[in-house]
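In this note's numbering, the protein residues as written are 905 to 1418. Glycine included, each C-beta is placed from N, C-alpha and C at the ideal position. Each remark here refers to the structure printed beneath this line.
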């Protein structure tokens, strides 16, 4: 099957323009997606006190959680949470909701009961930045970009009709820059197309579900919140009665959850209306190796199981949305599968970058306009600068004092400042390529230094922490640093390459079907 010249041109324009307009956002989502996969596993790295094994039994941890809940009950918080020690976080974790609705975590030593206070949230922050959540309207921007990515995949595959096998193996690194970036973009696009499609569809649907929910309730459900609760299989807890009461029995509630869902792991207690007669404790459970990963039970203050939801739920909505959530967030995946996800995420990020550079090389042969110059700066500062921002937040995690007030905020500031500096300086540099090269080299140096700093701070040899989580993080940082250094070297070599005019290296300048 061949496309007509007009159809090919329309698809080409749609693919090219949609790609460059969404490129930086898509690069951010995929580059940081590699870190978001390991948000929990990064906990021992970001907080050295978490590198010890779990120091208390589950029964002891539950007793401490009960003491904390009993002490919190007189303040009657609207919402409060406690998590038990896990391999990644061997301390208890508390979540308190402030009057403005913000939730701030802190940790508690499971042996002494001493509150550790706020500590680094490096993994969770990178996970949030994967969706641009800390930026105003960022979550909606990434949602729109997910929808655009579906368009990019569809138009890209249509443009390669009849040529997918050839594009899968055709790569000419010794050719001109334009041919090099064209081959790289096409090969990566073909290899990662299934992965891209899964994340584009799941990300877009999850975003649309969140964005359009109020409109659906107001129209299709006639504004009835109870109808929505039945549709999503998530009933609201009863309102507070106003009569004070004690906390639920956590050991009993945990036993009920285990009896009902013995294959799920239960580490969390989330309280609604703690200290009220109508108080409830919610115990989510999680099963590994399945797309339907989550179970839920709610237990009343009197110890009665008042609601439960098995994996997959009871409604059509939950049976559809739970697997989408599991696919997007890799809840089914073990560590090896997450590593594969991370490699594919970084490969996708490079493929997006190659598309931008192909656009710029095509336009360079003509008279570049203001848009092209801005795109070159955005690509340099936004994409290479993101690598510097990641290196900066890892370095800040190591160098900031452990007892610094609002330590997470300072780490976030280091990330944003490094990214903003990289983006701003890109518009002051004469060569966007050389600017990107310096950013990549700087990022590589910092990332290589971070494991050495940690080893010096903790008085050990590098790669000898005794923690599998820390070792995996150190290896990952070194591999990423080498990749960034390799990218910087490739930029330097490509800038010196003289474009080839041989027939084997030439690429058709005009988008016509072949």
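From the DSSP secondary-structure annotation, give me the bridge partner or partners of residue i.
i            : result
residue 974  : Looking at the DSSP assignment, residue 974 forms no beta bridge with any residue, so it has no partner.
residue 1021 : 1011
residue 1187 : 1201
residue 1256 : DSSP output for residue 1256 lists no bridge partner at all.
residue 984  : 1000 and 1175
residue 1213 : 1200
residue 1180 : 1148
Do you know offhand how far residue i's Cα is from residue j's?
i            : j            : result
residue 1346 : residue 1330 : 14 Å
residue 1420 : residue 1260 : Outside the displayed span of the chain (905 to 1418) sits residue 1420, for which this structure offers no information.
residue 1278 : residue 943  : 33 Å
residue 1143 : residue 1177 : 8 Å
residue 1244 : residue 1236 : 13 Å
residue 1175 : residue 1000 : 10 Å
residue 1041 : residue 1035 : 10 Å
residue 983  : residue 1184 : 10 Å
residue 914  : residue 1119 : 34 Å
residue 1239 : residue 992  : 13 Å
residue 1018 : residue 1311 : 19 Å
residue 868  : residue 955  : Outside the modelled stretch of the chain, which goes from 905 to 1418, sits residue 868, for which no answer is possible.
residue 1342 : residue 1026 : 25 Å
residue 1389 : residue 1296 : 16 Å
residue 1131 : residue 1121 : 8 Å
residue 1194 : residue 1087 : 37 Å
residue 1413 : residue 1224 : Note that residue 1413 has pLDDT 39, beneath the 50 cutoff, so the model's placement of it is unreliable and the number below is only indicative. Distance between the alpha carbons of residue 1413 and residue 1224: 44 Å.
residue 1252 : residue 1204 : 47 Å
residue 1395 : residue 1335 : 12 Å
residue 1147 : residue 1215 : 34 Å
Less than 8 Å between the C-beta atoms of residue i and residue j, yes or no?
i            : j            : result
residue 1145 : residue 1108 : no
residue 1371 : residue 948  : yes
residue 1199 : residue 1168 : yes
residue 928  : residue 1282 : yes
residue 1284 : residue 1322 : no
residue 907  : residue 1065 : yes
residue 1355 : residue 1333 : no
residue 1009 : residue 958  : no
residue 1056 : residue 919  : yes
residue 986  : residue 972  : yes
residue 1154 : residue 964  : no
residue 1291 : residue 938  : no
residue 1003 : residue 1179 : no
residue 1054 : residue 1104 : yes
residue 1351 : residue 1298 : yes
residue 1110 : residue 1186 : no
residue 940  : residue 1030 : yes
residue 1023 : residue 951  : yes
residue 1101 : residue 1033 : no
> If you scan the region 1096–1174 from start to end, which runs of the beta strand (DSSP E) of 3 or more residues do you find wholly inside it?
Replying inline: None, since the region 1096–1174 contains no complete beta strand (DSSP E) of that length.
>> Quick check on the DSSP output: what are the complete alpha helix (DSSP H) runs of length 4 or more inside the region 1246–1299, in order along the chain?
In response: 1274–1282
> Hey, which unbroken runs of the alpha helix (DSSP H) at 4 residues or more fall wholly within the region 1324–1388?
Replying inline: 1336–1362, all fully within the region 1324–1388.
> Would you call the region 1152–1161 and the region 1124–1134 in contact, with 3 or more CB pairs under 8 Å?
Replying inline: no
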